[in-house]
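50 is the number that numbering that gives the first Met the number 0 gives to position 51 of the sequence shown; each next residue is one higher, with no gaps.
Just below is one structure, and these are the notes that go with it.
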Amino acid sequence: MKATASSGQRERLVIVGNGMVGHHCVEQLVSRGALQRFEVRVFGEERQRAYDRVHLSEYFGGSCAETLALCEHDFYDANGVHLHLGEAVLEIDRERREVVTAEGRYGYDQLVLATGSYPFVPPIEGSSGNARLVYRTLDDLDGIRAAAAGARRGVVVGGGLLGLEAANALKSLGLEAHVVEFAPRLMPVQLDGEGGAALKAQIEALGVGVHLSRATQSVSAGETYRYRMNFDGGEHLETDLIVFSAGIRPQDALGRGCGLDIAARGGVVIDNHCRSSDPRIFAIGECASWNGSVFGLVAPGYSMARNLAGLLMGEAAVAFTGADMSTKLKLLGVDVGSIGDAHGATPGARSYRFIDEANSAYRRLVVDASGKHVLGAVLVGDNSYYDTLLQYAQNGIALPADPAALILPQGGGAPALGADALPDSATICSCHNVSKGAVCAAIDGGCSDLAAVKGCTKAATGCGGCAALLKQVFEHELTARGVAVDKSLCEHFAYTRQELYGLVRVEGIRTFSELLERHGKGHLGCDICKPAVGNILASCWNQPIMDPALVPLQDTNDTFMANMQKNGTYSVVPRIPGGEITPDKLIVIGQVAKKYDLYTKITGGQRIDLFGAQLHELPLIWGELIEAGFETGHAYGKSTRTVKSCVGSTWCRYGVQDSVAMALRLEDRYKGLRSPHKLKFAVSGCTRECAEAQSKDIGVIATDKGWNLYVCGNGGMRPRHAELFATDLDDETLVRLIDRVLMFYIRTADKLQRTSVWRENLEGGLDYLKQVIIDDSLGLANELEAQMQQVVDQYECEWANALNDPEKLKRFRTFVNDRRADPDVHFVREREQRRPAAPLHLIPTVEEAV
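Here it is, written out as structure tokens:
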């Protein structure tokens, strides 16, 4: 195909690269009707069509190439685009205007390079094979998965964004993971010293080894593991595989080969319209260098693709003038955010810092010399501040009188900027360059739900980080137009969770089918409404969740009354009220763990967890535990988990009340209580607070006059201190107030909403909650207490109930007609211990098993 386009013929447009940016360019061209003007041909070196590299780590979590694909399989054919997968372009012949592949030569009139980047692997002596893996493509991930088979430890060289993603991938494969970084901190481009230190502490707390300021000199044979990494200075680290993620380099070989201008640090040099030194050749994404900079995020590449598509279609040229490199991520489950001038390099810049060493959290706000505008920010541990700070930075919004208030603990991130405070030019979605004005235009154009707005504008369909802000703007704009915001639970119920709870309670509804028939539509329900209704029914009536009518409503953990672990086994968590246990019961736990070869772990909630149980073993294990006097600990449910306690006045010389006795009373009362989210309690015997009651949903601290009650705290990724609710309470008043608080929360909270978030969303705040609970301003006190007493009276250990019902026990068979385990499945224990096979004389015959 060497013909030159002439009058009446379509121009030949070739795009080299089928990554995220190359594909976005095709989407933009298609949406602009480019196929009327161009014959478009796309070359992809990989075998898979364009896929989402931003969420590449999900490939190890069950996603496949098809799940990650950015378009339907017939997108290119349906739009008349010629897609060549697995066909790499080897050369560009500028004189003949052709690209050359192993399959032939293809002519072009306009050529777009979207070849992306490649991982930099430093030249280290001895690194090869499984000691020279990279983390960039699906094929790379397949290689890592293969190398991880039989391995125990993996090391990632590079502590940047992709390096930490790669470390997460190694953890997900069951390996002990380590990160080696040449710089003195993690994510040195995005974070300052304090932010890097906070991130290091959080990642180490997750069991990932972090080794900073290490330069690998060579790789040699290891003694305990397969390889030994030898560091400058004489230190070393052994491992079974090494993944390099030490940075990226522009994939500019084609440009170099055909004589295009290349930047000093790599990348095809482009102007403000993405044009290279050859006016017929353009470059976009990570292979391009603009003003000496290569942009390693997807949003700038998308911006280049949009601008180029418009230029090729003859639209008014929009110049590419750089990109905002702000980013919000969750790395290894840890929130990390970086905005604008995160390092405060601007002359005259000043910083406000919040450092929480106890929780390894850090926030830095960089403002200009006048103190009136945000220049940048660093966040580690809590990204709930990100959206607000980003809008201040991007739109030049004047800071409040006390800028530090934007990063100080608020219980819900920075004080929210109302959607009405954002100008129409405010960027809502950086990936697709969607402004608030574009969202408003979509609503005015007929988009009446969030899905329609996303489909029309593409907002929140890239990295997804703007989803919360988009929802806020969407709902605000609907309200401003006098449109009632639809807060239906799902397509089957035109009610909120709170409204469904009221219907169930008032009408005495006890099954999902009855609720669906009376107040819903459809016949089956969905993954949103079924578990939500199951939770409501359990909170109201506390029936055994294994009853036939309720089982279909449960998630995996509740279905088997155990938490499924990453290797397919389950955990067993007997209740140990208040952390108090007898020697006899300790012995039983030890005997059960030894008999069934379970890994044991004492938890932060003063319980003993048993890990590694196979499905068919769960009834056997629970049978022995219940016979010894244990009950289920409900670790699998959205319910009361634990009541932590110190030893109190019985043993401690500082204790002023019997905290253990109160913890036992509370745990016995609220065990089995189902709620919108898990509940944790603690009781401390004095103000020294050894039980950490002020970080719990319900916290109780002894005083010399009684008990102080704290409510609505929680730990986790968004820690929130509980708030002092009432002081110097006697035992009975304390329990009555807890009854009311919990039942009011269960009645009014949204699905999967923790007490901390519920409290933050209460209009009137803590004062309003005190009025309802203490002053009984709504006249609900007696009703709330009665409803709690009904739940308490209805309590029954779910495992004891299941063990007494042969039909329910059938759920715990690996095979329908056989109680034995699958003989083809073998589990590898933690701590390098292998699970021994059962002796042959203990394996029943098929007849015995059935």
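Positions of the beta carbon are idealized from the N, C-alpha and C atoms, including for glycine.
Item                                                                                                                                                             : Value
Looking at GLY705: is its Cβ nearer than 7 Å to the Cβ of LEU728?                                                                                                : yes
Who does PRO118 pair with in a DSSP beta bridge?                                                                                                                 : ILE247
In three-state terms, what does DSSP make of TRP650?                                                                                                             : coil
On the criterion of 16 or more Cβ atoms from any shown chain inside 10 Å, does ARG753 qualify as buried, or is it exposed?                                       : buried
Closer than 8 Å is the cut-off here; do at least three beta carbon pairs connect the stretch 630-642 with the stretch 651-667?                                   : yes
With DSSP collapsed to three states, give me the class of PRO573.                                                                                                : strand
In angstroms with no decimal places, state the Cα-to-Cα distance between ALA561 and LEU174.                                                                      : 24 Å
Please report the distance separating the alpha-carbon of GLY671 from that of ALA721.                                                                            : 23 Å
So which of ALA627, SER674, CYS70 has the shortest CA-CA distance to ILE580?                                                                                     : ALA627
Am I right that GLY159 and MET186 are in contact with their C-beta atoms under 8 Å? What's the rounded C-beta distance?                                          : 6 Å
In this structure, how does DSSP classify GLN656 when only helix, strand and coil are distinguished?                                                             : coil
Using the rule of at least 16 other Cβ atoms within 10 Å of the residue's Cβ for burial, across every protein chain shown, is PHE119 buried or exposed?          : exposed
With DSSP as the reference, label ALA200 as helix, strand or coil.                                                                                               : helix
Skipping 5 residues on each side, what residues in its chain have a beta carbon closer than 6 Å to that of VAL156?                                               : VAL179, PHE243, ALA245
Which parts of the stretch 267-317 are runs of the alpha helix (DSSP H), unbroken and 4 residues or longer, counting only runs that do not cross its ends?       : 297-311
Let me know the secondary structure DSSP gives SER683 once reduced to three states.                                                                              : strand
Comparing C-alpha positions only, which one of VAL655, ASP608, GLY309, ASP51 sits nearest to GLN30?                                                              : The sequence given here places Ser at residue 30; Gln does not occur at that position. With distances taken between Cα atoms, SER30 lies closest to GLY309.
Where do the N-terminal and C-terminal ends of the alpha helix (DSSP H) with LYS643 fall, by residue?                                                            : No alpha helix (DSSP H) holds LYS643; the beta strand (DSSP E) holding it covers 639-644.
Provide the residue span of the beta strand (DSSP E) that contains HIS235, from first to last.                                                                   : 235-238
Kindly indicate which three-state DSSP category VAL53 falls into: helix, strand or coil?                                                                         : coil
Looking only at its chain, what residues have a beta carbon closer than 8 Å to the beta carbon of VAL710, apart from the 5 residues adjacent to it on each side? : ASP696, ILE697, GLY698, ALA721, GLU722, PHE724, VAL740, THR754, ARG758, LEU768
Need the endpoints of the beta strand (DSSP E) that LYS600 sits in, please.                                                                                      : 598-601
For SER862 and VAL207, what's the separation of their Cα atoms in angstroms?                                                                                     : For the chain, the structure presents residues 0 to 849; residue 862 sits outside this window and is missing.
Give a yes or no on whether the C-beta atoms belonging to LEU469 and ALA458 are separated by under 7 Å.                                                          : yes
Please report how far the alpha carbon of ILE14 lies from the alpha carbon of VAL452, in whole angstroms.                                                        : 29 Å
Pull up the CB-CB distance for LEU549 and GLN542, whole angstroms please, since I reckon it's below 8 Å.                                                         : 6 Å
Ignoring anything shorter than 3 residues or poking outside the stretch 78-131, list the beta strand (DSSP E) runs there in chain order.                         : 81-84, 88-92, 97-100, 103-106, 109-112, 116-118
Looking at ARG56: is its Cβ nearer than 7 Å to the Cβ of GLU193?                                                                                                 : Rather than Arg, the amino acid found at residue 56 in this sequence is Ser. Against a cut-off of 7 Å, the Cβ pair of GLU193 and SER56 comes out as no contact.
Distance check for LEU477 and CYS446, CA to CA, integer angstroms please.                                                                                        : 10 Å
So which of HIS633, ILE269, THR649 has the shortest CA-CA distance to GLY320?                                                                                    : First, the amino acid is wrong: residue 320 is Thr here, not Gly. Looking at the Cα atoms, ILE269 is the closest of the given residues.
Cα-Cα, which of ALA404, PHE743, LYS486 is closest to MET915?                                                                                                     : Since the first residue of the chain shown is 0 and the last is 849, residue 915 is not available in this structure.
May I have the straight-line CA-CA distance separating LYS199 from ILE354, to the nearest angstrom?                                                              : 14 Å
Quick one: is GLY395 buried, meaning 16 or more other Cβ sit within 10 Å of its Cβ, or exposed?                                                                  : exposed
Does the CB of PRO582 have a neighbour CB from chain B at under 7 Å?                                                                                             : This model lacks chain B altogether; it includes just one protein chain.
Quick one: residues in its chain with C-beta nearer than 7 Å to the C-beta of GLU829, no 5 flanking neighbours on either side, listed in chain order?            : Confidence in GLU829 is poor, its pLDDT being 48 and thus under 50, which makes the residue's placement too unreliable to answer from.
So what's TYR148 in DSSP terms, helix, strand or just coil?                                                                                                      : Reading the sequence as shown, one finds Ala at residue 148 and not Tyr. ALA148 falls in the coil class under three-state DSSP.
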